[in-house]
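>
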Amino acid sequence: MLIKCKTKGTRVKGLAFHPHLHFLLVSLHSGEIQLWDYLNSSLVDVFKDHDGPVRAVDFHIVQPLFVSGGDDTTIIVWDFTQRKKLFTLLGHLDYIRTVQFHERYPWIISSSDDQTARIWNWQSRSCLSVLTGHNHYVMSAQFHPKKDLVITASLDHTARIWDVSCLSEKTCSIQNVQSINNGDKLLSSFQMLHEGSKSGINFRDGSGSIELMGISDVICKHILTGHSKGVNWAIFNEDAPIVITASDDKTIRAWRYTSDTVWQTNILRGHQNNVCSLIMHPNNIKYLLSVSEDHSIRVWDSSKWSLTHTFLMDNDRFWIVSKPRSSNYIAAGHDSGFIVFKLFRERPIVTIVGDDLYYVWNDVIYIQNVDKECSDYENELKLPEDVKPAYADKSGTHRPIVDASDLHDDITPDGSFPNSNYHSLDNSDMAVDTPTDNLAFPSPSGDYCKSRSVVAYVMGSADIESLSERFLNNLLGNSKSIPKSAIIPKVLHYNIYNTERVCLLLVYSNKTHKSFEILIKTPIIGTLDYKMSSQIRAGLSACFSSKNTFVAVDTEFKASVCAITGELSHKVDISSPIDMVFPISTNIVLFWSHKENKLMIYNSLENSVVVEATSPYGKLKLVIVSKSRQLIATVYRNFVIIYDRNLKRIAIVESYSKIKSAAWDENTSVIFSTSTQLHYLLVNGNTGIIQSVPNPIYLLRIANKIMYIMGRNHRCYRLKIQSNDYAFKCAVYSNNLDVANKLIDSMQLSGKFIISYLIDNGHASMARKIIKDNKSRFEIALKFGILDDAVEDAQALDTPETWKQLGDAALSQGNCSIAEFAYQKGKVFDKLSLLYLITGNTSKLKKMMNISKFRKDSSSVLRHTLYLGDMEEFANTLKESGYTKLSEACQKTYGLASGDGHSNTNAKYLTPPQPIVKYDENSINWPIRIKIGKNKNVDYDQIVDKFDGLDLVQYEPVIHSKSARPEDNVWDSIDDNELDLHEKNNQSSDVDLVELVMEGKFIGVIELLTKIFGDVDSEVLKVVLSYIHNTSVSNSVDPFQQLNDFNFGTKKSFGMENIADMIQEGFKNVTAGNFEESLASFRQTLQCGILMVLKYPTEMKVYVDQCRIYILAMILELERERLSNIDPRRSLELAAYFTCCDMQPRHRYLALRRTIGLMWKAQNYISASALVKRLLSEDITGIEGAKEEMTKAKRIQTLCEQKGTEAYRLDFDAGDKDLVLCTLSFTKIKSSSIVQCKYCKSIALEKFYGEICNICQICTLT
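Going by the UniProt record's numbering, the first residue of the sequence shown is number 1, and it counts up by one from there.
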């Protein structure tokens, strides 16, 4: 038994499941009606209106209504969505025992201690018929699910079957006499009754009813006599003419009926007290459940009419049992509460390998093509109702018409099991998810299992003969193998590392037995047959780790590595107790320790734990690995967590419902299912809901945004992900901005949440598309520095304050042109004049002075004369303003002609300060000041001491030569005269760092470099300095033995010639395709060159540029090769970035040619076509064989444009020729928050602040 919900409280007398939602109505002896969400074990609402105990409740199948009946003789109809009582039905004279809605008619049937049952019309709120004939309490009354029949049970020792067809014709079949049309549609009988009541038609009088003279509305067809005491309950069998009754005589009886007669067929004995209620197992599974005052729930095999299993409670009597219309849950009410449970697990034991689905049920492993399986089921659902297969329900849910005994191999002749068939429900261990070991059920997919191919029989049964032998041994009690109670498969693994044969591993588990089985299917050479072998071991968990090995956890919580043939390879040396093991990749597994709440990644080859992490989230249920094998998702009962291969937690989400299954969608997100919804967790931590689901589903895999799902009926189907929210977040995370913009442009996304999400993820431009308010758009544009868009918004608002804000924002970013425009529009003259002053635009300053004169603003005129240094105008303005004495003093001071004709020959004009960036008509904007790190601003044009360095944002072009001559099968060669790297620079520094190195003053050199470039890696610098020292002296002595006054012998200076030789060697390695050697050459050049920048700043600027570009290019190519088999999408992305490095034309030509081939092979035809366009625009002068390649490229372009598809979505655009990459993460830099290396000027994202530069590996990023 799998107990889902368990409560303690007042005696429960009535239960009812909602037909669609996960709600359970509970009527209590205290008079309350409780509404429970039984999947979450939470109380939703409480309804109170009855005076006394409430014995009966029921939900309507469609409407948000439920009905209740109590000891106060009233029937109340409620609306649970509005949480209120709608109306009361009066008529009964004593306690009401049961109430029930009809599934098709607007009827309610009730039974009462007044010895009657009544049928009510809940729409007209009237009693349609009173069923009389019983001479004692009527304990229950129920409609037939499909026919116009009613069954009642009474304490007069009888049950009665009633025919209500006349009543239905009289009150619900008006369309046979007259049609009532609502517009163009013919109303259903349900609608007609409702519409008739609104239109004034009374279905009880002669104007709107059929008078059938001499015929009663309800006829008693059969009286079932045979019980020796009162009958408490009676039900119909939905699919057969059978009635089952439960009585105070401690028996359950089965009756078969026809239109003319009824007879008793079976008697079930076993209860020790009154049998209160019973049900047939949901979904037509051939089990019968009964509850009794003897404290038991008993399960009966209805095919053999024999007792199968008993569940006992020590102190509580059971009063009621109920089932839903579609799921396999069962609810039972007792003296102190209720329990909701299932008799067997619905979770399918499946795994997918390629396109093959492996499925386990009842000792058999099946295989089927998953696409065929999905197509079969989807086609069945499209068939007309009358031709659907027997195993498919007409509504598309399962109806397995299979006897349970036919699928069980160890049922004894009397119908019982050889194992103990009693379980105590008072055991605390039974509270949640405790299985019933010896109940077997048909596969929920019914007869469809027969269409699947059988792979193997489990538990040591290599073939059908040994299965039969084990069956006989179990019956005779001679079996020495693991008992049948252990045969509860939980997990199925397939050995994906072994392509030569099929290797399967099944893990079995119940409360007392833990074991696993390995099955190996080996083809017999020269035949079409195969040999099946198996081995069974006791153990908690196991999984395959390589082609020929597996890792197992024994019952003492110790792990070992074994060959699949059974031999022990070695024991795992881990002190922590291990509970479970999961496969990650070849020779890599994940251990989980429940006691220590720990995850451990273990390398079976090295017999060592690679990394471990705490995991305090409960019991681990599932581990799934991404397609790239670089991300690991762990699934708990209420948590999904994504880790990287170092077990660093990347994302986490908590679910308030139990998680059923999970699967990776590419490498971007984990989609997981609960009982009611599909959720997602992106790698960046974003979460959300994809859609709701009516019933629990189990995700098998996700491919191309198609989910492969197995339902609770164990049939597979496909479901397309149609969540715009999910698609949008995936597009933003993957930088697929085209898709994101299309979703926004199509108005499929809106709201504050989406706006906030875009802003938080650095896509303010997209957020502005959703916002309609110009002021809000303007504020966002200013906040994120989108000045061009801000200008548009300011023009729409057109207020002085708006223009002032725009001008201030533009000025803070150094955009003088927009600042000038904004200040002009807003007439902010003071700030406009200041702008002209600091940019040195004297002509416009004069215009501003004239404007001040026009405005007659003397103070402004005086200020402008000072800005311009025009003292003559200054004196005249003072004079015009009435300050004659000041004017004369000014004239004398600055040597101007005064009234007395004298002038000061020593006077000098007041000169305004020189602007930092002087006005230039071609470029009036200032260098952008970018925020880096925390509260730090770095000006990229600022000179640090004597090292100018290269500009971070604008890469200087590399000096190229056009005399390249590539050879076949290599990249190309570089002529000796390609770069003139030996040119001397006349400028020199006062400090020669090379001389200091030659003198052995390493520490002084490192301190000086630290002052110039900030924090440096002293260990790397020591190696570099030692190399230069050894190159520069004849006697090689370790300078750290004596740092001062050491005679190093004859000196051989390290100079620019050495730098030139090293960089030339790097070019030659690139030409030959030796990328690792090339990377080493360029990095050595860059590291040694740090000593030359003070003495030769001009030459070194060119060298640093070239080294930085080529080092990044080589790193990209090496990383691409590493990821080619791990993450194809990322590998192609890096190849595209490689083509954007500003290398020499010959190298760029070959990089483009190579990348086009990669894109073509990967079927990224759109990207290949874009790269061909770039290749055709390249200068190929002097490159042999290039013309033929261009002709071939044109043909490739034509084919690519015809195909027009893209297998992998890349964060790359053909227009990204000058893109800027982070040198650590190799991703595009799209924001202004970056960090840089003060030496080589490489850049990275702000999050890498303080880390060592990945290009020079000397300086830290600041």
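Using N, Cα and C, we set each Cβ at its ideal position, and we do this for glycine too.
In this text, all values refer to a predicted model and were calculated from it rather than measured experimentally.
1. Could you tell me which of Thr1071, Leu1176, Glu1201 sits nearest to Tyr1165, measuring between CA atoms?
2. From the DSSP output, in three-state form, read off Arg1148 for me.
3. Thinking C-beta only, is Val275 closer than 7 Å to Leu289?
4. Just to check my reading of the structure: Trp78 and Leu65 have Cβ atoms closer than 8 Å, yes? What is that Cβ distance to the nearest angstrom?
5. Would you say Phe544 and Cys562 are within 7 Å of each other, going by their C-beta atoms?
6. Which residue marks the beginning of the alpha helix (DSSP H) containing Ser1169, and which one marks its end?
7. For Glu1117, report the span of its alpha helix (DSSP H) as first-last.
8. If distances are taken between C-alpha atoms only, which option among Arg1146, Thr565, Phe311, Ile709 comes closest to Met1?
9. Which first and last residues belong to the alpha helix (DSSP H) in which Gln1084 is found?
10. Any idea if Leu268 is buried or exposed, counting beta-carbon neighbours within 10 angstroms, 16 or more meaning buried?
11. Less than 6 Å between the CB of Ser723 and some heavy atom of the ligand FMN, yes or no?
12. Secondary structure at Thr310, three-state DSSP: helix, strand or coil?
13. Quick one: which unbroken beta strand (DSSP E) runs of 3-plus residues sit fully inside the stretch 552–602? Chain order, please.
14. To the nearest angstrom, how far is the alpha carbon of Thr397 from that of Ile659?
15. According to DSSP, is Met1 helix, strand or coil?
16. May I have the straight-line CA-CA distance separating Ala1135 from Gln1257, to the nearest angstrom?
17. Is the stretch 1080–1089 touching the stretch 1239–1259 in the sense that three or more CB pairs, one from each, lie closer than 8 Å?
18. Rounded to whole angstroms, what's the CA-CA distance from Arg1174 to Leu1152? Just pull it up for me.
19. Would you call Ala796 buried or exposed, if buried means 16 or more other Cβ atoms sit within 10 Å of its Cβ?
20. DSSP three-state call for Pro145: helix, strand or coil?
21. Could you give the C-beta distance for Lys619 and His594, rounded to a whole number, given that I count them as a contact under 8 Å?
22. In three-state terms, what does DSSP make of Asp808?
23. Quick one, are the C-beta atoms of Gln368 and Arg501 less than 7 Å apart?
24. Can you tell me which of Asn273, Ala662, Val625 puts its alpha carbon nearest to the alpha carbon of Phe582?
25. Excluding sequence positions up to five away, which residues of its chain have a Cβ less than 6 Å from the Cβ of Met600?
26. Would you check if there are 3 or more beta carbon pairs closer than 8 Å linking the stretch 100–116 to the stretch 138–151?
27. Compare the beta carbon distance of Pro348 and Met710 with 7 Å and say whether it is the shorter of the two.
28. Please tell me whether Ser843 and Ser852 are closer than 7 Å, where the distance is taken between their beta carbons.
29. Alpha carbon to alpha carbon, how far is Pro282 from Arg645?
30. Within the same chain, show all residues whose beta-carbon is closer than 7 Å to that of Val353, passing over the 5 residues directly before and after it, in chain order.
31. Quick check on this structure: which residue in Gln722, Ile780, Lys775 has the alpha carbon closest to the alpha carbon of Glu801?
32. Below 6 Å CB to CB, which residues in the same chain sit around His227 once its five sequence neighbours on both sides are set aside?
33. Could you tell me the distance, in whole angstroms, from the CA atom of Gln1144 to the CA atom of Arg1129?
34. Assuming contact is defined by CB atoms lying nearer than 7 Å, are Leu1261 and Ala1244 in contact in what I supplied?
35. Mind checking whether Lys8 and His29 have CB atoms under 7 Å apart?
The short version:
1. What you label residue 1165 is simply residue 1165 of the sequence shown in a count that begins at 1. With distances taken between Cα atoms, Tyr1165 lies closest to Glu1201.
2. Walking along the sequence shown from the start, residue 1148 turns up at place 1148. Arg1148 falls in the helix class under three-state DSSP.
3. Taking the sequence shown and counting its residues from 1, the one referred to as residue 289 is at position 289. Taking the sequence shown and counting its residues from 1, the one referred to as residue 275 is at position 275. No, these two residues do not count as a Cβ contact at 7 Å.
4. On the sequence shown, residue 78 is found 78 positions in, with the first residue counted as 1. On the sequence shown, residue 65 is found 65 positions in, with the first residue counted as 1. At roughly 7 Å, the Cβ-Cβ gap stays under 8 Å, so Trp78 and Leu65 are in contact.
5. Within the sequence shown, the letter at position 544 stands for residue 544. Within the sequence shown, the letter at position 562 stands for residue 562. No, the pair does not count as a contact, with Cβ atoms beyond the cut-off.
6. The count along the sequence shown starts at 1 and reaches residue 1169 at position 1169. Unbroken alpha helix (DSSP H) run through Ser1169: 1165–1176.
7. By one-based count along the sequence shown, residue 1117 stands at place 1117. Unbroken alpha helix (DSSP H) run through Glu1117: 1097–1123.
8. Taking the sequence shown and counting its residues from 1, the one referred to as residue 1 is at position 1. Nearest option by C-alpha distance: Phe311.
9. In the sequence shown, counting from the first residue as 1, residue 1084 sits at position 1084. Unbroken alpha helix (DSSP H) run through Gln1084: 1075–1089.
10. Residue numbering aside, residue 268 sits at position 268 when the sequence shown is read from its first letter. It counts as buried.
11. This structure simply doesn't include the ligand FMN, nor any ligand for that matter.
12. The sequence position of residue 310 within the sequence shown is 310, counting from 1. The answer is strand: DSSP assigns Thr310 an E or B state.
13. 559–563, 568–571, 580–585, 588–593
14. Working through the sequence shown from its first residue, we reach residue 397 at position 397. Working through the sequence shown from its first residue, we reach residue 659 at position 659. Residue placement at Thr397 is poorly supported in this model, since its pLDDT is 38, which falls under 50; the coordinates are not used for a value here.
15. Your numbering for residue 1 matches position 1 in the sequence shown. Met1 falls in the coil class under three-state DSSP.
16. For this step, residue 1135 is matched to residue 1135 along the sequence shown. For this step, residue 1257 is matched to residue 1257 along the sequence shown. Distance between the alpha carbons of Ala1135 and Gln1257 is about 23 Å.
17. yes
18. To locate residue 1174, count along the sequence shown from 1; it is residue 1174. To locate residue 1152, count along the sequence shown from 1; it is residue 1152. Near 8 Å, if we compare the C-alpha coordinates of Leu1152 and Arg1174.
19. Taking the sequence shown and counting its residues from 1, the one referred to as residue 796 is at position 796. Exposed is the call here.
20. By one-based count along the sequence shown, residue 145 stands at place 145. Coil, per DSSP.
21. Position 619 of the sequence shown, counted from the first residue, corresponds to residue 619. Position 594 of the sequence shown, counted from the first residue, corresponds to residue 594. Indeed, because the Cβ distance is near 7 Å, the residues count as touching under 8 Å.
22. In the sequence shown, residue 808 corresponds to position 808, counting from 1. DSSP places Asp808 in helix when its eight states are reduced to three.
23. Locating residue 368 in the sequence shown gives position 368, where the first residue counts as 1. Locating residue 501 in the sequence shown gives position 501, where the first residue counts as 1. Result no, Cβ atoms of Gln368 and Arg501 do not sit closer than 7 Å.
24. Here the question's residue 582 lines up with position 582 in the sequence shown. Checking every option, the nearest Cα to that of Phe582 belongs to Val625.
25. If you number the sequence shown from 1, residue 600 lands on position 600. Answer for Met600: Phe591, Val609, Glu612, listed in chain order.
26. yes
27. Translated into the one-based positions of the sequence shown, residue 348 becomes position 348. Translated into the one-based positions of the sequence shown, residue 710 becomes position 710. In contact: Pro348 and Met710 (Cβ atoms closer than 7 Å).
28. In the sequence shown, residue 843 corresponds to position 843, counting from 1. In the sequence shown, residue 852 corresponds to position 852, counting from 1. Contact flag unset, no.
29. Working through the sequence shown from its first residue, we reach residue 282 at position 282. Working through the sequence shown from its first residue, we reach residue 645 at position 645. When rounded, the distance between both Cα atoms is 45 Å.
30. Your numbering for residue 353 matches position 353 in the sequence shown. Result list for Val353: Tyr494, Ile496, in chain order.
31. Position 801 of the sequence shown, counting from 1, holds the residue named residue 801. Nearest C-alpha to Glu801: Lys775.
32. Position 227 of the sequence shown, counted from the first residue, corresponds to residue 227. Result list for His227: His157, Ser247, Asp249, in chain order.
33. For this step, residue 1144 is matched to residue 1144 along the sequence shown. For this step, residue 1129 is matched to residue 1129 along the sequence shown. Their Cα atoms are separated by approximately 27 Å.
34. On the sequence shown, position 1261 is the one that residue 1261 refers to. On the sequence shown, position 1244 is the one that residue 1244 refers to. Contact flag set, yes.
35. One-based indexing of the sequence shown puts residue 8 at position 8. One-based indexing of the sequence shown puts residue 29 at position 29. Cβ distance not < 7 Å, so Lys8 and His29 don't count as in contact.
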